[in-house]
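Working notes, beginning with the structure itself.
6 protein chains.
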Amino acid sequence: MGHAQSNTPAATDKTGTQQQSRAQQLMGATAPKLAELTDNVLYGDIWERPGLSKRDRSLVTISALIALNRPDQLRSHIKLGLQNGLTKDEIVETITHMAFYSGWPTAVSAVAVAKDVFGQK
Amino acid sequence: MGHAQSNTPAATDKTGTQQQSRAQQLMGATAPKLAELTDNVLYGDIWERPGLSKRDRSLVTISALIALNRPDQLRSHIKLGLQNGLTKDEIVETITHMAFYSGWPTAVSAVAVAKDVFGQK
Amino acid sequence: MGHAQSNTPAATDKTGTQQQSRAQQLMGATAPKLAELTDNVLYGDIWERPGLSKRDRSLVTISALIALNRPDQLRSHIKLGLQNGLTKDEIVETITHMAFYSGWPTAVSAVAVAKDVFGQK
Amino acid sequence: MGHAQSNTPAATDKTGTQQQSRAQQLMGATAPKLAELTDNVLYGDIWERPGLSKRDRSLVTISALIALNRPDQLRSHIKLGLQNGLTKDEIVETITHMAFYSGWPTAVSAVAVAKDVFGQK
Amino acid sequence: MGHAQSNTPAATDKTGTQQQSRAQQLMGATAPKLAELTDNVLYGDIWERPGLSKRDRSLVTISALIALNRPDQLRSHIKLGLQNGLTKDEIVETITHMAFYSGWPTAVSAVAVAKDVFGQK
Amino acid sequence: MGHAQSNTPAATDKTGTQQQSRAQQLMGATAPKLAELTDNVLYGDIWERPGLSKRDRSLVTISALIALNRPDQLRSHIKLGLQNGLTKDEIVETITHMAFYSGWPTAVSAVAVAKDVFGQK
Numbered sequence: 320m321g322h323a324q325s326n327t328p329a330a331t332d333k334t335g336t337q338q339q340s341r342a343q344q345l346m347g348a349t350a351p352k353l354a355e356l357t358d359n360v361l362y363g364d365i366w367e368r369p370g371l372s373k374r375d376r377s378l379v380t381i382s383a384l385i386a387l388n389r390p391d392q393l394r395s396h397i398k399l400g401l402q403n404g405l406t407k408d409e410i411v412e413t414i415t416h417m418a419f420y421s422g423w424p425t426a427v428s429a430v431a432v433a434k435d436v437f438g439q440k
Numbered sequence: 320m321g322h323a324q325s326n327t328p329a330a331t332d333k334t335g336t337q338q339q340s341r342a343q344q345l346m347g348a349t350a351p352k353l354a355e356l357t358d359n360v361l362y363g364d365i366w367e368r369p370g371l372s373k374r375d376r377s378l379v380t381i382s383a384l385i386a387l388n389r390p391d392q393l394r395s396h397i398k399l400g401l402q403n404g405l406t407k408d409e410i411v412e413t414i415t416h417m418a419f420y421s422g423w424p425t426a427v428s429a430v431a432v433a434k435d436v437f438g439q440k
Numbered sequence: 320m321g322h323a324q325s326n327t328p329a330a331t332d333k334t335g336t337q338q339q340s341r342a343q344q345l346m347g348a349t350a351p352k353l354a355e356l357t358d359n360v361l362y363g364d365i366w367e368r369p370g371l372s373k374r375d376r377s378l379v380t381i382s383a384l385i386a387l388n389r390p391d392q393l394r395s396h397i398k399l400g401l402q403n404g405l406t407k408d409e410i411v412e413t414i415t416h417m418a419f420y421s422g423w424p425t426a427v428s429a430v431a432v433a434k435d436v437f438g439q440k
Numbered sequence: 320m321g322h323a324q325s326n327t328p329a330a331t332d333k334t335g336t337q338q339q340s341r342a343q344q345l346m347g348a349t350a351p352k353l354a355e356l357t358d359n360v361l362y363g364d365i366w367e368r369p370g371l372s373k374r375d376r377s378l379v380t381i382s383a384l385i386a387l388n389r390p391d392q393l394r395s396h397i398k399l400g401l402q403n404g405l406t407k408d409e410i411v412e413t414i415t416h417m418a419f420y421s422g423w424p425t426a427v428s429a430v431a432v433a434k435d436v437f438g439q440k
Numbered sequence: 320m321g322h323a324q325s326n327t328p329a330a331t332d333k334t335g336t337q338q339q340s341r342a343q344q345l346m347g348a349t350a351p352k353l354a355e356l357t358d359n360v361l362y363g364d365i366w367e368r369p370g371l372s373k374r375d376r377s378l379v380t381i382s383a384l385i386a387l388n389r390p391d392q393l394r395s396h397i398k399l400g401l402q403n404g405l406t407k408d409e410i411v412e413t414i415t416h417m418a419f420y421s422g423w424p425t426a427v428s429a430v431a432v433a434k435d436v437f438g439q440k
Numbered sequence: 320m321g322h323a324q325s326n327t328p329a330a331t332d333k334t335g336t337q338q339q340s341r342a343q344q345l346m347g348a349t350a351p352k353l354a355e356l357t358d359n360v361l362y363g364d365i366w367e368r369p370g371l372s373k374r375d376r377s378l379v380t381i382s383a384l385i386a387l388n389r390p391d392q393l394r395s396h397i398k399l400g401l402q403n404g405l406t407k408d409e410i411v412e413t414i415t416h417m418a419f420y421s422g423w424p425t426a427v428s429a430v431a432v433a434k435d436v437f438g439q440k
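Protein chains in written order, with the working numbering: chain A, 320 to 440; chain B, 320 to 440; chain C, 320 to 440; chain D, 320 to 440; chain E, 320 to 440; chain F, 320 to 440.
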């Protein structure tokens, strides 16, 4: 059971009531099929596969989100990456590395997101 | 001294003669400044920084190259990733993971590159 | 005469005064040539061509805007698509389909825009 | 049962032997999980959903592939689109429309692919 | 009358026969409307506007084509740029500059194209 | 000594105290290596190279930022471009030109940024 689990697929809370997954909360009413695929295929199957650790999956996801310039999803995945065992220093080093592969603007935008998630001024 | 080194900055071979770096060979005559930055800043400084292992740098670079659909550079970096300690299975798992973050076409193209580098039919 | 017309090129209102097109309002003072091309070429010529229905043009435009991650223009074009005969369900199904071709983050961002346009909580 | 079916998931031919799906042929040996997801989720589930016709799914897929500049996948999907009921004229009109949304270079590249698929000189 | 002209819209040759524009040759049979827009709007109107010199238009076009990774169109526009007064050194300097804004892979691919156009080994 | 200088690397003010560069202010606490590379390599070396004027470097940077849809960095670089000698008209003409190379949505977003920087209503 991994750290990613808690903030994604449906979990049962202490009182035994089923909680909605984050995907259900965000997208369930508008795009139920996409929410279901997010829970059952993306998080329920892919992220749980043993071929790559959750820490490594966070690392590759964060790299792709920096490269593709997706600040909203980067925010969630930096938080998840910290839960999955990445250190702040590794995340910042990844951003710096990405500056060379997807360009300075993607890295500068990612620093702003990381700074905010890390609670730095 | 890492595995990456040998195929990038200028190295001295057994007979003592200076060999050109791969960047020098590819770009030196046309774009000498870019070749110099590749050797001195990208490989000489960034890839050598201790904040992220060479194996992890290969992992994030490969992820970005899949996401951005850069098959030529992906080819070189899959080779380098294998030298830096990534397994074929980890690379394939990364491609499968990326299908969800940058889309099926980027993953399908990456499989074709990986298949070719791995020498599979 | 199609639904798209009313919110784009200059129209004459009931009292006979010429109204500015949306492109003129948004860009006319800053980029008059681009506003003119938007009215005369993009909306006045391309969108009016019979080779593809306005409903289909909305469908392809929405698909491209999801894939390219252009939330601001997606917002306008989801509204226009509804006017051009697309249903909410078709728009959501397109977003879900796009998750596989341009990646989950583009689809998740598009759901947020659609949800907002549809007035859903 | 749609036209798309035949060139994608595993089908049983006249003699009763199971044929490999196109995804299995292309990716099965290298990336079995991605091939499986392609057959079972992308083609077996998404493309079969009634919310959007196969003709419309081809239209949105082609639009995304033009916009994202994925010539290899565009080639396959122009062929599939013709099987799914799109006309050559609609495909060309979509490319022309896309010139305005993803830029001339993406449209010019798409014309080269379409020309080749259509067998035009 | 600029250098760009000769390789784009229809010109009348010495013997008085009308020659097809390059767009007509490449796309006319498959996508006649796109060919027409290329000749009449893109080259006939935009490139001829006095607000930016042809040399500057080549510079901005080349920058965009590097950044967006469009090697086929970059090839044509490096040739056109040389005709429009850009020097080889300025083109290479632009590629080197772009490495920082769109990432190393886009610059490395652009060097390969430039090297080939310049006829360098 | 160019106009770009003042808003980028560390400068010494009238009273002799060292001021932080803009990169240091924005990123220094979170990503010190990226801030250092921005000051020493990107602005200290690349932007100072004589092969392309600062005005031309602003022009190519602005073009790439429009094409790649990076509104935050575009804002800063439109301001810097004006300092480096570009006129408002040249910037608007570049945006209009880009509509054809990276698509209407990138140009429309860039007009919004330019309008705001120029202080136009």
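Yeah, the Cβ is synthetic: ideal placement off N, Cα and C, and Gly gets one too.
- Task: Would you verify that the beta carbon of residue 368 of chain D is, or is not, closer than 9 Å to some beta carbon of chain C?
- Result: As a first step, residue 368 of chain D must be located in the fourth sequence, where it is residue number 49. Taking Cβ atoms only, chain C reaches closer than 9 Å to residue 368 of chain D, which makes this a yes.
- Query: Any idea what DSSP makes of residue 421 of chain E, helix, strand or coil?
  - Reply: For the purposes of this step, residue 421 of chain E is identified with residue 102 of the fifth sequence, where counting begins at 1. Look at residue 421 of chain E here: in three-state DSSP terms it is helix.
- By the criterion of Cβ-Cβ separation under 7 Å, what are the contact partners of residue 360 of chain D in chain A? The residue you call residue 360 of chain D lines up with position 41 of the fourth sequence. The answer, in chain order, is 360.
- Evaluate the contact criterion for the region 342-362 of chain B versus the region 396-406 of chain A: three or more CB pairs, one atom per stretch, below 8 Å. By the criterion of at least three beta-carbon pairs nearer than 8 Å, the region 342-362 of chain B is not in contact with the region 396-406 of chain A.
- Message: Does chain E have any CB closer than 9 Å to the CB of residue 378 of chain F?
- Response: Here residue 378 of chain F is taken as the residue at index 59 of the sixth sequence, counted from 1. At a cut-off of 9 Å between beta-carbon atoms, residue 378 of chain F makes contact with chain E.
- With DSSP collapsed to three states, give me the class of residue 438 of chain C. The residue labelled residue 438 of chain C in the question sits at position 119 within the third sequence. It is coil, neither helix nor strand.
- Skipping 5 residues on each side, what residues in its chain have a beta carbon closer than 8 Å to that of residue 413 of chain B? The residue given as residue 413 of chain B occupies position 94 in the second sequence. Cβ neighbours of residue 413 of chain B beyond the five flanking positions: 378, 381, 382 and 385.
- By the criterion of Cβ-Cβ separation under 8 Å, what are the contact partners of residue 414 of chain F in chain C? Within the sixth sequence, the letter at position 95 stands for residue 414 of chain F. Near residue 414 of chain F (Cβ distances below 8 Å), the residues of chain C are 350 and 353.
- Query: Does DSSP classify residue 370 of chain E as helix, strand or coil?
  - Reply: In the fifth sequence, counting from the first residue as 1, residue 370 of chain E sits at position 51. Residue state, collapsed to three classes: coil.
- With 16 other CB atoms within 10 Å as the buried threshold, where does residue 432 of chain A fall? Taking the first residue of the first sequence as position 1, residue 432 of chain A is located at position 113. Buried, by the Cβ-count rule.
- Query: Around the Cβ of residue 424 of chain C, are there at least 16 other Cβ atoms within 10 angstroms (buried) or fewer (exposed)?
  - Reply: Within the third sequence, residue 424 of chain C is the residue found at index 105, counting from 1. Taking all protein chains shown into account, residue 424 of chain C has 16 or more neighbouring C-beta atoms within 10 Å of its C-beta and is therefore buried.
- With respect to the alpha helix (DSSP H) encompassing residue 397 of chain B, which residues constitute its N-terminal and C-terminal limits? Counted from its first residue, the second sequence places residue 397 of chain B at position 78. Annotation for residue 397 of chain B: the continuous alpha helix (DSSP H) segment containing it runs 390-402.
- Query: Counting contacts by CB-CB distance shorter than 9 Å, is residue 454 of chain B in contact with chain C?
  - Reply: Since the first residue of chain B shown is 320 and the last is 440, residue 454 of chain B is not available in this structure.
- Task: Using a Cβ-Cβ cut-off of less than 8 Å, list which residues of the region 390-402 of chain D approach chain E; keep chain order.
- Result: When CB distances to chain E are screened at a threshold of 8 Å, not a single residue of the region 390-402 of chain D falls below it.
- residue 338 of chain C (DSSP reduced to helix, strand or coil): As a first step, residue 338 of chain C is located in the third sequence; it is residue number 19 there, counting from the start. Three-state result, residue 338 of chain C: coil.
- Taking residue 369 of chain F and residue 428 of chain F to be in contact with their CB atoms under 8 Å, please state how far apart those CB atoms are, rounded to whole angstroms. Taking the sixth sequence and counting its residues from 1, the one referred to as residue 369 of chain F is at position 50. Taking the sixth sequence and counting its residues from 1, the one referred to as residue 428 of chain F is at position 109. That belief does not hold up - the Cβ atoms of residue 369 of chain F and residue 428 of chain F are roughly 33 Å apart, past 8 Å.
- Query: Under 9 Å Cβ-Cβ, which residues of chain C neighbour residue 411 of chain F?
  - Reply: In the sixth sequence, counting from the first residue as 1, residue 411 of chain F sits at position 92. Listed by position along chain C, the residues whose Cβ is nearer than 9 Å to that of residue 411 of chain F are 349, 350, 351, 352 and 353.
- For residue 429 of chain D and chain F, any beta-carbon pair shorter than 9 Å? Within the fourth sequence, the letter at position 110 stands for residue 429 of chain D. So, not an interface residue.
- Query: Of all the CB atoms in chain E, is at least one closer than 9 Å to the CB of residue 338 of chain B?
  - Reply: Numbered from 1 along the second sequence, position 19 holds the residue referred to as residue 338 of chain B. Under the Cβ distance rule, residue 338 of chain B does not count among the residues neighbouring chain E, no pair being separated by less than 9 Å.
- Beta-carbon neighbours of residue 383 of chain C, restricted to chain A and to distances below 8 Å: Here the question's residue 383 of chain C lines up with position 64 in the third sequence. None at all; the shortest Cβ gap to chain A is about 16 Å.
- Query: For residue 386 of chain A and chain F, any beta-carbon pair shorter than 9 Å?
  - Reply: One-based indexing of the first sequence puts residue 386 of chain A at position 67. No - not a single Cβ of chain F is within 9 Å of the one on residue 386 of chain A.
- Using beta-carbon positions only, say whether residue 364 of chain C and residue 342 of chain C come within less than 9 Å of one another. Locating residue 364 of chain C in the third sequence gives position 45, counting from the first residue. Locating residue 342 of chain C in the third sequence gives position 23, counting from the first residue. Taking 9 Å as the cut-off, the beta carbon of residue 364 of chain C is found no closer than this to the beta carbon of residue 342 of chain C.
- Task: Compute the Euclidean distance between the alpha carbons of residue 355 of chain D and residue 415 of chain B, then round it to the nearest angstrom.
- Result: The count along the fourth sequence starts at 1 and reaches residue 355 of chain D at position 36. The count along the second sequence starts at 1 and reaches residue 415 of chain B at position 96. If you draw a straight line from the Cα of residue 355 of chain D to the Cα of residue 415 of chain B, it comes to about 11 Å.
- alpha helix (DSSP H) segment containing residue 350 of chain A, residue limits: The sequence position of residue 350 of chain A within the first sequence is 31, counting from 1. Neither: residue 350 of chain A is in no alpha helix (DSSP H) and is coded neither H nor E.
- Message: Please tell me whether residue 359 of chain A has its Cβ less than 9 Å away from any Cβ of chain H.
- Response: Of the protein chains in the structure, A, B, C, D, E and F, none is chain H.
- Message: According to DSSP, is residue 331 of chain C part of a helix, a strand, or is it coil?
- Response: On the third sequence, position 12 is the one that residue 331 of chain C refers to. The pLDDT assigned to residue 331 of chain C is 47, lower than 50, so where the model puts this residue is not dependable; a value taken from the coordinates is nonetheless given after this. Three-state result, residue 331 of chain C: strand.
- Message: Do residue 438 of chain C and residue 420 of chain B have their beta-carbon atoms positioned less than 9 Å apart in this structure?
- Response: For the purposes of this step, residue 420 of chain B is taken as the residue at position 101 of the second sequence. For the purposes of this step, residue 438 of chain C is taken as the residue at position 119 of the third sequence. Taking 9 Å as the Cβ cut-off, residue 420 of chain B and residue 438 of chain C do not qualify as a contacting pair.
- What in chain D is Cβ-close to residue 421 of chain F, meaning under 7 Å? Walking along the sixth sequence from the start, residue 421 of chain F turns up at place 102. The contacting residues are 422.
- residue 371 of chain A and residue 409 of chain B: beta carbons closer than 9 Å? Position 52 of the first sequence, counting from 1, holds the residue named residue 371 of chain A. Position 90 of the second sequence, counting from 1, holds the residue named residue 409 of chain B. Cβ distance < 9 Å, so residue 371 of chain A and residue 409 of chain B count as in contact.
- Task: Measuring only between beta-carbons, confirm whether residue 346 of chain B sits less than 9 Å from chain E.
- Result: Taking the first residue of the second sequence as 1, we reach residue 346 of chain B at position 27. Residue 346 of chain B counts as touching chain E.
- Query: So, residue 374 of chain B versus residue 405 of chain B, is the Cβ gap smaller than 9 Å?
  - Reply: Position 55 of the second sequence holds residue 374 of chain B. Position 86 of the second sequence holds residue 405 of chain B. Taking 9 Å as the Cβ cut-off, residue 374 of chain B and residue 405 of chain B qualify as a contacting pair.
- Can you grab the Cα-Cα spacing for the pair residue 344 of chain A / residue 338 of chain A, in whole Å? Start at 1 with the first residue of the first sequence, and residue 344 of chain A comes out as number 25. Start at 1 with the first residue of the first sequence, and residue 338 of chain A comes out as number 19. Residue 344 of chain A and residue 338 of chain A have their C-alpha atoms spaced approximately 10 Å apart.
- Item | 6 Å CB neighbourhood of residue 426 of chain A in its chain, flanking five on each side removed | For the purposes of this step, residue 426 of chain A is taken as residue 107 along the first sequence, with counting starting at 1. Apart from the 5 residues on each side of it in sequence, residue 426 of chain A sits with its Cβ closer than 6 Å to the Cβ of 414, 417 and 418 in its chain, given in chain order.
- Message: 9 Å is my cut-off, CB to CB: does residue 357 of chain B come that close to chain E?
- Response: Counted from its first residue, the second sequence places residue 357 of chain B at position 38. Judged by the 9 Å Cβ criterion, residue 357 of chain B is in contact with chain E.
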